[in-house]
Amino acid sequence: MRPAIQARELTQRFGRQVALRCVDLEVAAGERVALVGDNGAGKTTLLRLLATVARPASGELRLFGLDAVRQRPALRPRIGWLAHEPGLYPALTARENLEFFCTLHGLSRARASECLELLGVAEDAGRPAAELSRGRRQRLALARTLLHDPELWVLDEPDSSLDAEGRALLGRLAGGRTLVFSTHDRALAEGLGARVVELRSGRAVDRSALQVVH
Amino acid sequence: MSFTACALAVARKDLVSEWRSREVLPALAQFVLLALVVTLFAFDLDATSAARIAPGVLWLVVLFAGLVSFGRAFAAEREQSSLEALLLTPAGPVAVFAGKAVAAAALLLACEAVLVPGIAVFLGVALPPLVVAAVVLSTLGMAALGCLFSALAVQTRARELLLPVLALPIWIPFVVYGAAALTGRAPQALANLLALDILVVVVAGLAARYVLDD
Numbered sequence: 000m001r002p003a004i005q006a007r008e009l010t011q012r013f014g015r016q017v018a019l020r021c022v023d024l025e026v027a028a029g030e031r032v033a034l035v036g037d038n039g040a041g042k043t044t045l046l047r048l049l050a051t052v053a054r055p056a057s058g059e060l061r062l063f064g065l066d067a068v069r070q071r072p073a074l075r076p077r078i079g080w081l082a083h084e085p086g087l088y089p090a091l092t093a094r095e096n097l098e099f100f101c102t103l104h105g106l107s108r109a110r111a112s113e114c115l116e117l118l119g120v121a122e123d124a125g126r127p128a129a130e131l132s133r134g135r136r137q138r139l140a141l142a143r144t145l146l147h148d149p150e151l152w153v154l155d156e157p158d159s160s161l162d163a164e165g166r167a168l169l170g171r172l173a174g175g176r177t178l179v180f181s182t183h184d185r186a187l188a189e190g191l192g193a194r195v196v197e198l199r200s201g202r203a204v205d206r207s208a209l210q211v212v213h
Numbered sequence: 000m001s002f003t004a005c006a007l008a009v010a011r012k013d014l015v016s017e018w019r020s021r022e023v024l025p026a027l028a029q030f031v032l033l034a035l036v037v038t039l040f041a042f043d044l045d046a047t048s049a050a051r052i053a054p055g056v057l058w059l060v061v062l063f064a065g066l067v068s069f070g071r072a073f074a075a076e077r078e079q080s081s082l083e084a085l086l087l088t089p090a091g092p093v094a095v096f097a098g099k100a101v102a103a104a105a106l107l108l109a110c111e112a113v114l115v116p117g118i119a120v121f122l123g124v125a126l127p128p129l130v131v132a133a134v135v136l137s138t139l140g141m142a143a144l145g146c147l148f149s150a151l152a153v154q155t156r157a158r159e160l161l162l163p164v165l166a167l168p169i170w171i172p173f174v175v176y177g178a179a180a181l182t183g184r185a186p187q188a189l190a191n192l193l194a195l196d197i198l199v200v201v202v203a204g205l206a207a208r209y210v211l212d213d
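Laid out in structure tokens, this is it:
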């Protein structure tokens, strides 16, 4: 079976600063991987590359066998990406936020209602996103990432602001899709049955399928 | 989902957000009125001199109001961290850009709807319809270029400074042709503006993909 993610010597630089150094990573389809590490270790940088919202400085990244740089347009509809910030429109209601993205994905508006139910925020459907609590906004943002039923779910600290019920929901929503997420909570990673990959100063130090290239 | 439907969805989202948050439009209307009041007191105006400076006041106010309107187009997406989510949809960067340019142009047109009657009230000058047509045509091209530079500037730290530095020199041809609409060569000036609009819309559309999605 073809891996969902194949990264070879993935490196990312911001000016002179090297944020990610020669990371190799292979993730099987349907596998769950938790990225852990201190602040500034490179978790968000790696997730942004996997979500195709940034280009690597060097190295090779293939998602579902496709080149993540050159074949980005074909890959993107298969990816659900949650950044550290929820990325919602504060003046729009919860339902309008989702319906807007349904339009851009070419989905029916009924899908917005389904996802509101799925994430347990249906009662907030008519409230502006600005009026929702941080946790409810996080649920709404997760709902947005699931609208198009992505095969690869890339989440940057999805558990931030989520209550216990919301965290439990993550595992159920991941289902059979490939999940890569960052967290500071190893218990969450274990709870989701995820393989833990640790990043230190831009280097991956996982014991299993991840190698450090010096 | 068609390009037009996606662009219109983005434009509608921006206009609904603006209508509810009232972030830009009241400030623009206030700026227009203040500029006219300042003009009234700063110049020793009589019927002849007012008619002579009115087109100049019109173009200056349109240019500076344009900087505000177009500057907010992508700054708001950046502040809300929502641009990445937009770019991951199948709508594509050009449709997103087109939608935002349409919304920003609509805001500037609304501002001009205050400005033109304002000039008649404050300066006692009724602008000829051909001049109004020239302003409307210029707004379209200025919106395309202004939003392109806004998308570029928003990725930098000095975005408030960069947008005027980039946009104002490139907007000069619109002012030159617009001013020519006051002379006996008005039809030719309007034709030139139309040709310029088509050129910059095509160029901005082609460049938007690289500016937004990198």
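Protein chains in written order, with numbering that gives the first Met the number 0: chain C, 0 to 213; chain Z, 0 to 213.
Just so it is clear, CB atoms sit at the ideal spot from N, CA and C, and this is done for glycine as well.
What residue range does the alpha helix (DSSP H) around Ser16/Z cover?
2-20
Distance cutoff 8 Å, beta carbons only. Does Leu46/C sit that close to anything in chain Z?
no
Would you say Ala10/Z and Cys110/Z are within 8 Å of each other, going by their C-beta atoms?
In this structure, Cys110/Z does not lie closer than 8 Å to Ala10/Z by Cβ.
Hey, quick one: how far does the beta strand (DSSP E) through Thr10/C stretch, first residue to last?
Per DSSP, Thr10/C belongs to the beta strand (DSSP E) from 4-13.
May I have the straight-line CA-CA distance separating Val32/C from Ala163/C, to the nearest angstrom?
20 Å
Apart from the five residues just before and just after Ala73/C, which ones in its own chain have a Cβ nearer than 7 Å to its Cβ?
Leu65
Just the C-alpha distance for Leu160/Z and Gly91/Z, rounded to the nearest angstrom, thanks.
28 Å
Exposed or buried, what is Trp18/Z when buried is set at 16 or more other beta-carbons lying within 10 Å of its beta-carbon?
Around the C-beta of Trp18/Z, fewer than 16 other C-beta atoms lie within 10 Å, and the residue is accordingly described as exposed.
DSSP state of Glu197/C, grouped into three classes?
strand
Rounded to the nearest angstrom, what separates Ala119/Z and Phe96/Z at their Cα positions?
35 Å
By the 10 Å Cβ neighbour count, where 16 or more other Cβ atoms means buried, how is Thr88/Z classified, buried or exposed?
buried
Tell me which same chain residues have a C-beta within less than 8 Å of the C-beta of Ala132/Z, skipping the five on either side of it?
Answer for Ala132/Z: Ala180, Leu189, listed in chain order.
Say whether the region 48-66 of chain C touches the region 130-141 of chain C, bearing in mind that this needs 3 or more beta-carbon pairs closer than 8 Å, one atom from each stretch.
Touching, no.
Against chain C, does Val15/Z count as a neighbour if the rule is that its beta carbon must be under 8 Å from one of theirs?
yes
With DSSP collapsed to three states, give me the class of Cys92/C.
Checking the sequence, you will find Thr at residue 92/C rather than Cys. The answer is strand: DSSP assigns Thr92/C an E or B state.
Starting from Leu65/C, follow its DSSP beta bridges and name the residues at the other end.
Leu62/C
Ignoring anything shorter than 4 residues, give me the alpha helix (DSSP H) runs that lie fully in the region 74-142 of chain C, in order along the chain.
93-104, 109-117
Step through the CB atoms of chain Z and report whether any lies within less than 8 Å of the CB of Glu84/C.
yes
Using 8 Å as the limit for Cβ to Cβ distance, is Arg143/C near chain Z?
yes
I'd like the list of long-range same chain contacts for Ala105/Z, defined as Cβ closer than 8 Å, with 5 residues on each side in sequence excluded.
Ala10, Leu14
May I have the straight-line CA-CA distance separating Leu209/C from Ala75/Z, to the nearest angstrom?
The pLDDT assigned to Leu209/C is 44, lower than 50, so where the model puts this residue is not dependable; a value taken from the coordinates is nonetheless given after this. Distance between the alpha carbons of Leu209/C and Ala75/Z: 38 Å.
Determine the DSSP secondary structure at Asp155/C, reduced to helix, strand or coil.
Strand, per DSSP.
Could you run through the region 102-124 of chain C and flag, in chain order, every residue whose CB is less than 8 Å away from some CB of chain Z?
Per Cβ criterion, the list reads Thr102, Leu103, His104, Gly105.
Are there three or more Cβ pairs, one per stretch, closer than 8 Å when the region 130-150 of chain Z is compared with the region 197-210 of chain Z?
Proximity of the region 130-150 of chain Z to the region 197-210 of chain Z meets the contact definition, three or more beta-carbon pairs being nearer than 8 Å.
Per DSSP, what kind of secondary structure is Gln29/Z in: helix, strand or coil?
helix
Between which two residues does the alpha helix (DSSP H) carrying Leu17/C extend?
Note on identity: in this sequence residue 17/C is Val, with Leu being the wrong assignment. Run containing Val17/C: none in the alpha helix (DSSP H); it sits in the beta strand (DSSP E), 16-26.
Using 8 Å as the limit for Cβ to Cβ distance, is Leu87/Z near chain C?
Chain C has a Cβ within less than 8 Å of the Cβ of Leu87/Z.
Quick check on the DSSP output: what are the complete alpha helix (DSSP H) runs of length 4 or more inside the region 82-134 of chain Z, in order along the chain?
Taking only runs of at least 4 residues, the alpha helix (DSSP H) segments lying wholly in the region 82-134 of chain Z are 82-86, 92-122.
Under the three-state reduction of DSSP, which class applies to Thr177/C: helix, strand or coil?
strand
DSSP on Ser57/C, reduced to helix/strand/coil?
Strand.
Distance check for Ala142/Z and Ala157/Z, CA to CA, integer angstroms please.
21 Å
Tell me which residues of the region 60-93 of chain C have at least one Cβ-Cβ distance to chain Z shorter than 9 Å, keeping chain order.
Arg71, Pro72, Arg75, Pro76, Ile78, Gly79, Trp80, Leu81, Ala82, His83, Glu84, Pro85, Gly86, Leu87, Tyr88, Pro89, Ala90, Leu91
At 8 Å on the CB atoms, spell out the chain Z contacts of Gly52/C, in chain order.
According to the sequence provided, residue 52/C is Val. The question's Gly does not apply to it. Ordered by position in chain Z, the residues that pass the 8 Å Cβ test against Val52/C are Glu83, Leu86, Leu87.
Would you grab the beta carbon distance between Ala90/C and Ala129/C for me? Rounded to a whole angstrom, and I think it's under 8 Å.
7 Å
Check the Cβ-Cβ distances between Phe99/C and every residue of chain Z, and say whether any is below 8 Å.
yes
How should Ile78/C be labelled, buried or exposed, when 16 other C-beta atoms within 10 angstroms of its C-beta is the threshold for buried?
buried
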